[in-house]
Amino acid sequence: IMFREEADYLRFKSLQLVNASLVARLYGVPESRVLDVIYFDPALAIKICLPREISSGAPGDRDVYGAQQHAPLLLWEFELPEK
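Just so you know, we're using the numbering used here here: the sequence shown kicks off at 10 and counts up by one.
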């Protein structure tokens, strides 16, 4: 998840809106499968690390480049508390 504005990124980071529990719920996996949620300040970004079910390029892989892994985040709705 990349942010355009530093203030927005820092607000998300301070509230820890994106965490292992949320990722597990959105992706339908146990929380133990969420390897890491990294808030990466230099890029104003949040990186989510999940293991792949099938290795990239293996028979049955439908997303060789991992380009569709963000889909569960698209419909995530959230409310920010008042400042």
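Even for Gly, the Cβ is constructed at its ideal location relative to N, Cα and C.
For Ile63, is the classification buried or exposed, using 16 other Cβ atoms within 10 angstroms of its Cβ as the cut-off for buried?
-> By the neighbour-count rule (16 or more Cβ atoms within 10 Å), Ile63 is not buried but exposed.
Going by alpha carbons, who is nearest to Tyr48 out of Asp72, Arg42, His79, Ile57?
-> Ile57
Based on Cα-Cα distance, which residue from Leu82, Leu89, Glu88 lies nearest to Ala33?
-> Leu82
If you draw a straight line from the alpha carbon of Tyr36 to that of Asp70, how long is it in whole angstroms?
-> 17 Å
For Tyr74, is the classification buried or exposed, using 16 other Cβ atoms within 10 angstroms of its Cβ as the cut-off for buried?
-> exposed
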